[in-house]
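**Student:** Counting along the sequence shown from 1, when you hit position 206 you're at 206 in the UniProt record's numbering, and nothing is skipped either side.
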Amino acid sequence: MTSTTLPASSLTSPAQAPAADSRDFTPRYWLFSLPAVLIIASVIVFPWLFTLYMSTQDWKIGGGQEFVGLQNFVELARDPRFIESMGHTFYYTVLAVVLPILFGTAAALVFHREFPFRGLLRTIFVMPMMATPVAVALVWTMMFHPQLGVLNYLLSLVGIGPQAWVYSPNTVIPTLILVEVWHWTPLVMLIVLGGLAGLPREPYESALIDGANAWHMFRHITLPLVWPFIMVAIVIRTIDALKAFDTIFVITQGGPGTASETLNIFLYLQAFQFYKIGYASAVVVIFFVIIIMLSLLLLYARQKSKWNA
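1. What is the residue span of the beta strand (DSSP E) that W59 lies within?
2. For a test of the three-state rule: what should DSSP assign to S22, helix, strand or coil?
3. With DSSP run on the structure shown, which of helix, strand or coil describes Q71?
4. Which whole-angstrom value is the C-beta distance of T175 and W182, which I expect to be below 8 Å?
5. Is it the case that the Cβ atoms of V97 and R237 are separated by a distance below 8 Å?
6. When burial is assigned at 16 or more other CB atoms within 10 Å of the CB, is P133 buried or exposed?
7. Rounded C-beta distance between R81 and F266? I'm assuming under 8 Å.
8. Can you tell me whether S22 is buried or exposed, with buried defined as 16 or more other CB within 10 angstroms of its CB?
9. In terms of residues, what are the limits of the alpha helix (DSSP H) holding F249?
10. Check whether the Cβ atoms of L263 and V283 sit closer than 8 Å, and answer yes or no.
11. Going by DSSP in three states, K276 sits in which element: helix, strand or coil?
12. Apart from the five residues just before and just after G69, which ones in its own chain have a Cβ nearer than 6 Å to its Cβ?
13. How many angstroms separate the CA atom of Q253 from the CA atom of Y167?
14. Let me confirm a value: M293 is counted as buried when at least 16 other C-beta atoms fall within 10 Å, else exposed. Which label applies?
15. Could you tell me which residues DSSP pairs with Q65 in its beta bridges?
16. Can you check which of these residues, L225, A36 and V179, is closest to P200 by C-alpha distance?
17. Comparing C-alpha positions only, which one of T222, L299, I160 and L154 sits nearest to A197?
18. Alpha carbon to alpha carbon, how far is A107 from A131?
19. Please report the distance separating the alpha-carbon of A280 from that of F287.
20. Is DSSP giving T262 helix, strand or coil here?
21. Check A131 in the structure and name its three-state DSSP category.
22. From V269 to Y92, what distance separates their C-alpha atoms?
23. Within 10 angstroms of its Cβ, does S85 collect 16 or more other Cβ (buried), or is it exposed?
24. W165 lies in the alpha helix (DSSP H); which residues open and close that run?
25. Output the distance between the C-alpha atoms of A17 and Y29, rounded to the nearest integer angstrom.
26. Quick check: V232 and T105, are their CB atoms within less than 8 Å of each other?
27. For G119 and V110, what's the separation of their Cα atoms in angstroms?
28. Hey, quick one: how far does the alpha helix (DSSP H) through Y92 stretch, first residue to last?
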């Protein structure tokens, strides 16, 4: 009986075989991500680095550049118009987040129930969200007209005198918030409605057996379970409100005076009306830092609001 001698290469374990291939191909994996890295570097990283560089320059379009270091930031800290625009931005953001969240959550609770023509009414309710911000702003601008606007006409039917709306410094931001609430409450409603649709029925059945009323079930069951979805809506609305520009610019251009001038409007005017590119770049850097800090806070709150299904 003869014995067969296997070659040494055949005695290699299967786990060791791919090692040579891994050594051959692993160094080449980065080539697949190179296009994405180049695009990100050219579209995101380079503009931010260039903006940071320009924030240290005193440069107006048509003139020469001069390195001034942190002088632009020092001037911004002393600029009352910039400080006022920051106050307007936070005031606008808080109202533009809180009110749609409240009304959108309430609307979601209403549309979650079964009643006749619910589908039709849902469709009508979400229609404002489908319009573009500029078109919405133009329509509301006509409605806010002191003499020809339909809003003052409707108020006159119930015995209320005409209102200044966006033509008064005291009412311009609340009036702009009215447009924001009308436009984006449907988005919050859809997000919260999606959360309500996935809630389990068992906690409610147990609560009914224990004698809980509707408020107790909402406070201790519905709200905690749907809170992660509300946090998603808060994050989205905060991002939208902070970067709000088109609606405000079309309706008021930051006026009357500077009563509705947010950071975005202030930035636009400095860069494209006064042509102070270095000064505007400093505004962008400060705005970017504010957004990063707020984003980290919101992401932390979003993480804490998660629940295990």
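Heads up, the beta-carbon is just placed ideally off N, CA and C, and yes, glycines get one too.
**Tutor:** Once the coordinates are examined:
1. Q57 to W59
2. Note that S22 scores 48 on pLDDT, short of 50, meaning its location in the model is unreliable; the coordinates nonetheless yield the value given after this. Correct three-state label for S22: helix.
3. helix
4. With a Cβ gap of about 11 Å, T175 and W182 do not count as contacting.
5. yes
6. buried
7. 7 Å
8. At S22, the pLDDT of 48 sits below 50, so the modelled position is not reliable and the matter cannot be decided from this model.
9. D246 to I251
10. yes
11. strand
12. T56
13. 12 Å
14. exposed
15. W59
16. L225
17. T222
18. 20 Å
19. 10 Å
20. coil
21. coil
22. First, the residue type needs correcting, since residue 269 is Leu and not Val in the sequence shown. Taking the straight line joining both Cα atoms gives about 19 Å.
23. buried
24. Unbroken run through W165: none, as it is neither H nor E.
25. Reliability fails at A17, whose pLDDT of 47 lies under 50, so the model's placement of it is uncertain and no value is given.
26. no
27. 12 Å
28. P80 to F111
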